[in-house]
Amino acid sequence: MTPTEPLPARGPAAPAAVRPPLPVKMVIAGGFGVGKTTAVGAISEIEPLTTEASITEVAAGVDDLTHTPRKTTTTVAMDFGCLTIDPTLKLYLFGTPGQERFGFMWDDIVEGAVGALVIVDTRRLDDCYAAVDYFEHKGIPFAVAVNAFDGTVEHALEEVRWALDVSAGVPVVVFDARERGSVRDTLLVVLELALARSES
Amino acid sequence: MADGSAPPGPDPVGPAPAVRPYLVTAGRVADAASGRALPVETQVVATAEGLFALGGLSFEQHDIVAACRLPQSLAELAARLRLHLNVVRVLAEDLREEGLLAVYVPDAEATHDASVLRRVIDGLRAVPDSPRGTE
Numbered sequence: 001m002t003p004t005e006p007l008p009a010r011g012p013a014a015p016a017a018v019r020p021p022l023p024v025k026m027v028i029a030g031g032f033g034v035g036k037t038t039a040v041g042a043i044s045e046i047e048p049l050t051t052e053a054s055i056t057e058v059a060a061g062v063d064d065l066t067h068t069p070r071k072t073t074t075t076v077a078m079d080f081g082c083l084t085i086d087p088t089l090k091l092y093l094f095g096t097p098g099q100e101r102f103g104f105m106w107d108d109i110v111e112g113a114v115g116a117l118v119i120v121d122t123r124r125l126d127d128c129y130a131a132v133d134y135f136e137h138k139g140i141p142f143a144v145a146v147n148a149f150d151g152t153v154e155h156a157l158e159e160v161r162w163a164l165d166v167s168a169g170v171p172v173v174v175f176d177a178r179e180r181g182s183v184r185d186t187l188l189v190v191l192e193l194a195l196a197r198s199e200s
Numbered sequence: 201m202a203d204g205s206a207p208p209g210p211d212p213v214g215p216a217p218a219v220r221p222y223l224v225t226a227g228r229v230a231d232a233a234s235g236r237a238l239p240v241e242t243q244v245v246a247t248a249e250g251l252f253a254l255g256g257l258s259f260e261q262h263d264i265v266a267a268c269r270l271p272q273s274l275a276e277l278a279a280r281l282r283l284h285l286n287v288v289r290v291l292a293e294d295l296r297e298e299g300l301l302a303v304y305v306p307d308a309e310a311t312h313d314a315s316v317l318r319r320v321i322d323g324l325r326a327v328p329d330s331p332r333g334t335e
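Going down the list, the protein sequences come from chains A and B.
So for the first sequence, this note's numbering puts the first residue at 1; every next one is plus one.
So for the second sequence, this note's numbering puts the first residue at 201; every next one is plus one.
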């Protein structure tokens, strides 16, 4: 493994006393209130933290004069957590801000992620279309996880797959965002996908 | 909170103050849209020199170096100091140039390496079912 190297300091730098772990990033996406922070909190070794990040919104229309999409940068709250694998390796889970608006980019948050989970509430399936499109477009390995809020899933998984029109290679699973074991197993589905891709 | 879940514990999570951080960066913000900004999971840790110089630092610079006695991500740093992520990016770059902070940009090839992914998978599999607290 190639460990990360610190950017060279321009000043008279002394080496840091403590070498940080290699951070491995996963992203948890989905509509507002679908359980992203709950899922992060179920597996994170720290209480989920919130920070303000920037996302780029792409306006639905195009500018009449330039024929380019209008883009604006918006500050949003982002929740995240982490899990130490060993002293040299740490898993970070970033919940993408819940935006239902038409177009937006999470590049600032997602860049370098090994995989993503799109959490779905079957009562509001259309909330996750944008996330599914985004990860497909970016070529990031992802799985769709139906959050079984009250233990029942209104749609069969095949119906969800059909409604979201995800490709056959995208796993669609049921999970419970409140249960650590359930979140763990769902993240493992994504990681196995990422591993298979890295080995192919 | 984006999801309406229980508020986090001791870490400050209130809205970041809007104006002053941009004054301390002299109006500079990280160019998030270009994709060249430091990744949110970038690890930062104080150098020995940074800790030695701590007494002479002020305000956010002091807080950042002091918080980085232990390595952490830019996102954690921003959350704990209640600063906008892009402000932390700019200040971390400044402190790096002064030799007070070591900035470890994650190597995407390393994090996507099969051996690394296998270690994450094995580590995650070892996580027990039960929640930490009582729910």
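Backbone N, C-alpha and C define an ideal beta-carbon position, used for all residues, glycine too.
- Nearest Cα to residue 248/B within the set 296/B, 326/B, 310/B and 321/B: 296/B.
- Of the candidates 145/A, 200/A, 192/A and 198/A, the residue whose Cα lies closest to the Cα of residue 173/A is 145/A.
- Restricting attention to 177/A, 55/A and 85/A, the CA atom closest to the CA of residue 72/A is found in 55/A.
- Using a Cβ-Cβ cut-off of 8 Å, residue 53/A counts as an interface residue toward chain B, since at least one Cβ of chain B sits closer than that to its own.
- In the assembly as shown, residue 311/B is a buried residue. Its beta-carbon has 16 or more other beta-carbons within 10 Å.
- When 8 Å is used as the limit between beta carbons, residue 264/B is near no residue of chain A, the shortest such separation being about 14 Å.
- About 14 Å separates the beta carbons of residue 316/B and residue 83/A, which is beyond the 8 Å limit, so they are not a contact pair.
- Secondary-structure assignment with DSSP links residue 90/A through a beta bridge to 23/A and 84/A.
- Residue environment for residue 179/A: buried (at least 16 other C-beta atoms within 10 angstroms of its C-beta).
- Counting only the Cα atoms, residue 330/B lies some 24 Å from residue 116/A.
- Contact check between the region 236-247 of chain B and the region 263-279 of chain B: three or more CB pairs, one atom from each, fall below 8 Å, which counts as touching.
- Taking a cut-off of 8 Å for Cβ pairs, the region 45-54 of chain A and the region 128-146 of chain A do not touch, as fewer than three such pairs fall below it.
- Counting only the Cα atoms, residue 320/B lies some 27 Å from residue 52/A.
- For the pair residue 37/A and residue 95/A, the CB atoms are nearer than the 8 Å cut-off.
- The DSSP-derived three-state label of residue 169/A is coil.
- Cβ-Cβ distances below 6 Å link residue 175/A to 145, 182 and 186 in the same chain, with the five nearest sequence neighbours on each side left out; the list follows chain order.
- Pairing residue 237/B with residue 106/A, the inter-Cα distance amounts to about 13 Å.
- Excluding the 5 residues flanking it on each side, residue 265/B has same chain C-beta neighbours closer than 8 Å at 246, 250, 251, 253, 254, 257, 295, 300 and 301, in chain order.
- Under the DSSP assignment, residue 140/A falls outside any alpha helix (DSSP H); it carries neither an H nor an E label.
- Comparing C-alpha distances from residue 190/A to each of 165/A, 142/A, 200/A and 157/A shows the shortest one belongs to 142/A.
- Listed in chain order, the alpha helix (DSSP H) runs fully inside the region 257-293 of chain B are 259-267 and 274-281, counting runs of at least 4 residues.
- Under a criterion of Cβ atoms nearer than 7 Å, the residues of chain A adjacent to residue 241/B are, in order, 23, 25 and 92.
- Taking 8 Å as the cut-off, the beta carbon of residue 110/A is found no closer than this to the beta carbon of residue 81/A.
- Interface criterion not met: the Cβ of residue 160/A is under 8 Å from no Cβ in chain B.
- In the structure shown, the three-state DSSP call for residue 182/A is helix.
- The C-beta separation of residue 284/B from residue 75/A comes to about 7 Å, placing the pair in contact by the 8 Å criterion.
- At a cut-off of 8 Å between C-beta atoms, residue 255/B does not count as an interface residue with respect to chain A.
- By the neighbour-count criterion, in which 16 or more other beta carbons inside 10 Å mark a residue as buried, residue 322/B falls on the exposed side.
- In terms of Cβ geometry, residue 113/A and residue 26/A form a close pair [threshold 8 Å].
- If you ignore the 5 residues before and after residue 125/A, its C-beta comes within less than 6 Å of the C-beta of 163, all in its own chain and listed in chain order.
- Interface flag for residue 285/B against chain A is set, since a Cβ pair is found closer than 8 Å.
- Residue state for residue 308/B is assigned as helix, using DSSP reduced to three classes.
- Of all residues in the region 164-179 of chain A, the ones placed with a Cβ closer than 8 Å to any Cβ belonging to chain B are 178 and 179, in chain order.
- From the listed residues 128/A, 192/A, 21/A and 167/A, the smallest Cα separation to residue 87/A is found for 21/A.
- Residues of the region 105-129 of chain A with a C-beta less than 7 Å from any C-beta of chain B: 107, 108, 109, 111, 112 and 114, listed in chain order.
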